[in-house]
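Dropping the structure here:
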């Protein structure tokens, strides 16, 4: 039998050592009420444009959350039993039944950040005081679903409730950004902005690449069948995104490979890629060149560049066929930075007006490659622990393995990278607590004065993110 | 001068922080007396079949223990001086002299799990209360050797003494399993079982591969010169092992490469391998295909599949020539899972009735590849920290680096993987203490309730192993 | 506002847990006054030969320190503004201005070992009691510069002041060693010695390789246009270095690749390399063979061999062009040991009279490859955490990830690897404190007796270095 009580502890995630905990508590107290800066994420801009009510607990909290889906799937739960609709149109479970199934399996999340985020949402956002179990499943479903129909839970109200000062969504290069137009028209344009994610027009392995490049031409009026026209088209779309608030671009390439080809080589390669006859190696080389092109454009237009490499997308072929992408079947692999980034760094590495934020799913690169690179090149900053590593132990390893070579000031603050709107405060709170914990350890071990730690706590919470994403 | 006292502390291996230690103690108290489940190991089945006395301290405890041999060898001690017999038949030290040499060098093991296991055996099994030193060497030798001649130290009595409820040994595919026949005949068949380890008939790099495949045909009555007959022969041997208690197979391939070739391709490759003219790459591809075949057979016959990749076997050429395998000269290297396992997972990854347990010697794969894979695919579970990582710090890293993505319930409990019978309780006790320590940390940091931690402690100690190896 | 007080805490770097801290304090008390053994470093032998005063704070402490330069550069500070002279002869900042710029950016070093070393130097060596800030910059500059002009701060006096019993510098194979001649003549030859670093005559990728090999012939009177003569020339230079006190060689190859070619193959390869028409792969193979040749020569002449692989040198092409090497733009990458060292180990791996010390910049190799290798091969020892990992967390990870497989006695003690003379005591003190902290943790968790920990503390501080570098 387990206790039925749900109440996040005031000292949660701090070290148990009393000396450290006391310092962490003091530091956290200084920054806990700072506004949330969320410069990288995947919430749906339609929410903030339309400002409609969310439907129910399952459709809002369960079905879109690939962290939850993957864990349940790993233990034999079928996705359609969780309310996920198969692509062939066959039936999936009703929302309440899916929620019950989730509740029955909630013990699987013990020890995971997912459990921490969810409990934080349940306790803090919905003010539920008993744990999610098979017995409380219906109570949860009803409480959450009912609460979602109240004014305070409309999307814009939630941003107020959560004290979100800045939120970036992410859209593809060809997106006409209708929702951001509406958001701007409604006066929310300083608070909710887009991010330029051009993978679908940069990646020849995308099955729609040729069509997408053609569309890019149509939208921008450039002749994208030529290399020069293609670049102009990209420049135009970047400008369009900037007009809709974007301060950053994002690049989810399979690797961190970059290249610096001659004009004749890249022109020839571009033609091959447009012909659709490119090999895998040619696709990789083209993507590599395009990272360098994006860096050059960022230098010109001032957009911060984010590189997110290292995910083997849709590793589970069957699941991808049946349900499509983003169902928890992306798996990390080894990533190389030192050799792979050199061609790009040869071009823009010494620029002090350029910000390139590096992320990784391969923690072995933290101390070996990323911290030494960011601790040297003026243009480089380290993004926060990403995805599978956006967790207590992941954040601990990030600080332990990057701080000594890169310092704190070559990092870019926290970002939540989430589509799960309700968990944004939970994720930022976790990051703030873990940063305060790390700083408290340094103070308790006489590696840093508490006064300096206090300055750092504020820097890590708001200032570094503002600076890295050019928010001021 | 060092203290001569030997007495394992009641709180050993728990964190020194009083809050954590108190919780760890409570959790450990709940599970310390649970029976030992040992589903993967390398004890000699002849021991349990014949139930004879063990000979002396050196031949039983020192000579077969490659952890001890490797450390002493690394510091210039010769193997024949430790009583290890060279293959050329030349002399090796007498048991008592070898033991004295071991005792003189016992300080080399400070800080190693080997020291912890040995001290546990000395203090708990032989009730010796002073440390092993040059001075106490003879006392140790005599005490141990004498005690081994008592009824309570016959192999079957030891299983009772140690509260071992289940013990699996490991045998090659061609082994007629005479000892397990005797064990079954004597009524011990539910307690001591075999494991199917077919490397010698799956690996074309084995110098006896062609002969072994021929023998497989002779034993099973199948025509193993054809691909179909070879597969049938393997199916037959798996059935034979199951009849002798096996619930699992084990695969010690150099890498985790898998393949999913067409029938014509694998038929052609099989012929090349049988001709003995295969290249290294063809051997690797054949082994890769055979992992997939084994997975398909496991799906059919219900045997849990264990994959143990990443050891460079017999790295020390001279030592291998002079003394043969398993003398401590196997060295790990980098292992790839995400790309390498995909062909196998494309075939069976989504099966909920199949259990494949992954092990690694490359800890950099824990957070990057293994936890994400096991946290998604229904068929995958993570084996405990293996070999060089079956240690305090190794276990700590395993939990820290896998729990947040895979959870606890995608792990397979502990196994001791040992041929050192007397150290089995020491190894399980260490694992139980380290699991309780990890859980206590989560509780003390308010990441988990103590009631849930108590459930988990029992799950990690017995339930997960029982489930992963289909013991119920 | 931050506190202006500067005073290193007596318990700094020990764990905050009172039980651990108390034990660490006791262990540290036993060894804190032991003399400094510095068997690997890069101080300038001219200092100890000439024994002149150092010039000023900036030229001595700032300009040569690539740890400081890289961090400041990463945040947009220009090297010439720090007083670093460009190769084209253009102006750089005056010393006082450079120092002020450093002081203004001192907060960037929070959480880095650099900050810890510098504060230790300021507080302990110069007895300054307020922090370095923009406000105290001039006070610092004047205090340090003035103090450097006193007798107690001449180089030889500093060695006395710092209780340095042994210090090795590092010189190229062709260096005539004039400073060491003077040092020996002045009776300091047992205390300050050279180290044989032959990269420039072993590496065909060195632009001066062919000239250097020719010079090797001229200096030694050997015909280095032949393989045999080349080897004889190397033997002669090793003897020359030994006569000037060297007990060790050092090898900074890009990778840990080794080879064991036939005489005809290496002869042919040598000729290709001397022709200057070698490919990158041939350079790599030649270097690989030369590591094995060096190991054989070490076996013959008794010099300890140090292998430092894994740095991508001068990664920043622009900075290298403008300012030359060693400006903080060397970046680590992945290193392979298990496969790469095998050819060398096949030749000398089992020699008990040979010492080869392995270093790494790729921490993922600690537990996976280096500890298992050193825990088996008699000739191998592990060097201390190197460069980016010569830090609190780096030292912690080193012990945690190597001790359980290699033990303490297969490690080679600490070395500071520095050209920053004043920070030598800071670095050794940090290492001693971190070792005592690690030992204290083992004691507090009942993994080691305190009496044994005390023996180990002394071994790690002096005995293991003396043994590994053959200083007795």
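Residue numbers (our numbering), protein chains in the order written: chain A, 1 to 472; chain B, 1 to 472; chain C, 1 to 472. Glycine included, C-beta positions come from ideal geometry on N, C-alpha and C.
inquiry  = I'd like the ranges of any beta strand (DSSP E) spanning at least 3 consecutive residues and lying wholly in the segment 291–319 of chain B.
reply    = 304–307
inquiry  = Considering just the uninterrupted stretch of the alpha helix (DSSP H) at residue 267 of chain A, what are its terminal residues?
reply    = Along the first chain, read from residue 1 onward, the residue named residue 267 of chain A stands at position 267. First-last of the alpha helix (DSSP H) with residue 267 of chain A: 263–275.
inquiry  = Taking only three categories from DSSP, how would you classify residue 110 of chain A?
reply    = For the purposes of this step, residue 110 of chain A is identified with residue 110 of the first chain, where counting begins at 1. Correct three-state label for residue 110 of chain A: coil.
ask   = So what does DSSP say about residue 121 of chain B, is it helix, strand or coil?
value = Sequence index remark: in the second chain, residue 121 of chain B carries index 121 (1-based). Three-state DSSP puts residue 121 of chain B in a helix.
ask   = From what residue to what residue does the beta strand (DSSP E) around residue 356 of chain C run?
value = Within the third chain, residue 356 of chain C is the residue found at index 356, counting from 1. It spans 356–358 - the beta strand (DSSP E) in which residue 356 of chain C sits, taken as one unbroken run.
query = Using the beta-carbon of each residue, which ones in chain C are nearer than 7 Å to residue 352 of chain A?
reply = Position 352 of the first chain, counting from 1, holds the residue named residue 352 of chain A. Ordered by position in chain C, the residues that pass the 7 Å Cβ test against residue 352 of chain A are 76.
inquiry  = Tell me whether the segment 329–349 of chain A and the segment 312–329 of chain C touch, counting them as touching only if at least three CB pairs, one residue from each stretch, are closer than 8 Å.
reply    = yes
ask   = So which residues on chain A does residue 329 of chain C lean against when the C-beta distance must stay under 7 Å?
value = Taking the first residue of the third chain as position 1, residue 329 of chain C is located at position 329. Residues of chain A passing the Cβ test: 376.
request  = Compare the C-beta of residue 366 of chain A against all C-beta atoms of chain B and say whether one is closer than 8 Å.
outcome  = Position 366 of the first chain, counting from 1, holds the residue named residue 366 of chain A. It does not; no Cβ of chain B falls within 8 Å.
key: Per-residue contacts from residue 394 of chain A into chain B (C-beta, under 8 Å)   = Here residue 394 of chain A corresponds to residue number 394 of the first chain, with the count starting at 1. Under the 8 Å cutoff, chain B gives 367, 404.
Extent of the continuous beta strand (DSSP E) to which residue 165 of chain A belongs = Walking along the first chain from the start, residue 165 of chain A turns up at place 165. First-last of the beta strand (DSSP E) with residue 165 of chain A: 164–168.
ask   = How would you write the range of the beta strand (DSSP E) that residue 248 of chain B sits in, first residue to last?
value = Stepping through the second chain from its first residue, residue 248 of chain B is reached at position 248. Taken as a continuous stretch (DSSP letters only), the beta strand (DSSP E) holding residue 248 of chain B covers 248–251.
query = What does residue 332 of chain C reach in chain A if we use C-beta pairs closer than 8 Å?
reply = Reading the third chain from its first residue, position 332 is the one you call residue 332 of chain C. 338, 368, 369, 372, listed in chain order.
query = Measuring CA to CA, which of C/241, C/219, C/214 is closest to residue 227 of chain C?
reply = Locating residue 227 of chain C in the third chain gives position 227, where the first residue counts as 1. Closest option to residue 227 of chain C, Cα to Cα, is C/214.
Chain-ordered neighbours of residue 349 of chain C on chain B, where CB pairs are closer than 8 Å = Here residue 349 of chain C is taken as the residue at index 349 of the third chain, counted from 1. Those are 316, 318, listed as they occur along chain B.
key: Simplified DSSP state of residue 38 of chain B, which is helix, strand or coil   = Numbered from 1 along the second chain, position 38 holds the residue referred to as residue 38 of chain B. Strand.
Inter-residue spacing [alpha-carbon to alpha-carbon] between residue 270 of chain C and residue 40 of chain A = Taking the first residue of the third chain as 1, we reach residue 270 of chain C at position 270. Taking the first residue of the first chain as 1, we reach residue 40 of chain A at position 40. Using only the alpha carbons, I get a separation of about 55 Å.
Contacts of residue 113 of chain C in chain A (Cβ-Cβ under 7 Å) = The residue labelled residue 113 of chain C in the question sits at position 113 within the third chain. 404, listed in chain order.
query = Which bits of chain A does residue 116 of chain C rub up against, with CB to CB less than 9 Å?
reply = Residue numbering aside, residue 116 of chain C sits at position 116 when the third chain is read from its first letter. Residues of chain A passing the Cβ test: 447.
query = Using Cβ-Cβ distances below 7 Å, what residues of the segment 6–33 of chain C are close to chain B?
reply = Answer in chain order: 17, 19, 20.
inquiry  = Taking 8 Å as the limit between beta carbons, can you name the residues of its chain near residue 103 of chain A, skipping five residues before and five after?
reply    = Looking up residue 103 of chain A in the first chain gives position 103. Excluding positions up to five away in sequence, the list reads 132, 133, 134, 136, 137, 140.
message = Which runs of the alpha helix (DSSP H) at least 4 residues long sit entirely within the segment 27–96 of chain B? Give them in chain order.
response = 45–50, 66–74
request  = Report the residues of the segment 424–450 of chain C with a CB closer than 8 Å to any CB of chain A, ordered along the chain.
outcome  = Cβ contacts with chain A: none found.
key: Per DSSP, the bridge partner or partners of residue 197 of chain A   = Working through the first chain from its first residue, we reach residue 197 of chain A at position 197. According to DSSP, residue 197 of chain A bridges with A/172.
ask   = Would you say residue 389 of chain A reaches chain B, if we count a Cβ-Cβ gap shorter than 8 Å as a contact?
value = Position 389 of the first chain, counted from the start, is the residue given in the question as residue 389 of chain A. Yes, its Cβ sits closer than 8 Å to a Cβ of chain B.
inquiry  = Just to confirm the assignment: which complete beta strand (DSSP E) runs, minimum length 3, are found wholly within the segment 349–386 of chain B?
reply    = 356–358, 380–382
message = Strictly under 8 Å for the Cβ-Cβ distance: is residue 407 of chain C near chain B by that measure?
response = In the third chain, the residue the question calls residue 407 of chain C occupies position 407. Yes, residue 407 of chain C lies at the interface with chain B (some Cβ there is under 8 Å from its Cβ).
CA nearest to the CA of residue 119 of chain C, picked from C/457, C/461, C/422, C/440 = Mapped onto the third chain, residue 119 of chain C falls at position 119. The closest CA to that of residue 119 of chain C, considering only C/457, C/461, C/422, C/440, is found on C/422.
request  = For residue 346 of chain B, return the contacting residues in chain E, with the cut-off set at a CB-CB distance below 7 Å.
outcome  = Any reference to chain E falls outside this structure, whose protein chains are A, B and C.
ask   = Roughly how many angstroms lie between the CA atoms of residue 123 of chain C and residue 338 of chain B, to the nearest whole one?
value = Counting from one through the third chain, the residue named residue 123 of chain C turns up at place 123. Counting from one through the second chain, the residue named residue 338 of chain B turns up at place 338. Looking at the two C-alpha atoms, the distance is approximately 51 Å.
request  = Tell me whether the beta-carbon of residue 370 of chain A lies closer than 8 Å to the beta-carbon of residue 360 of chain A.
outcome  = By one-based count along the first chain, residue 370 of chain A stands at place 370. By one-based count along the first chain, residue 360 of chain A stands at place 360. A contact, by the Cβ cut-off of 8 Å.
key: DSSP beta-bridge partners of residue 411 of chain A   = The residue given as residue 411 of chain A occupies position 411 in the first chain. Answer is A/382.
request  = On a CA-only basis, which of B/59, B/72, B/179, B/35 is nearest residue 408 of chain C? Give me that one, please.
outcome  = By 1-based counting over the third chain, the position of residue 408 of chain C is 408. Closest by alpha carbon: B/72.
Residue 1 of chain C classed as buried or exposed, judged by whether at least 16 other C-beta atoms fall within 10 angstroms = On the third chain, position 1 is the one that residue 1 of chain C refers to. The pLDDT assigned to residue 1 of chain C is 42, lower than 50, so where the model puts this residue is not dependable; a value taken from the coordinates is nonetheless given after this. Classification of residue 1 of chain C: exposed, given that the 10 Å Cβ count is below 16.
message = Just to check my reading of the structure: residue 246 of chain B and residue 201 of chain B have Cβ atoms closer than 8 Å, yes? What is that Cβ distance to the nearest angstrom?
response = Walking along the second chain from the start, residue 246 of chain B turns up at place 246. Walking along the second chain from the start, residue 201 of chain B turns up at place 201. Beta-carbon to beta-carbon, residue 246 of chain B and residue 201 of chain B are separated by about 15 Å, too far to satisfy the 8 Å threshold.
key: Proximal chain C residues relative to residue 410 of chain A, where beta-carbon distance stays under 7 Å   = Within the first chain, the letter at position 410 stands for residue 410 of chain A. Those are 74, listed as they occur along chain C.
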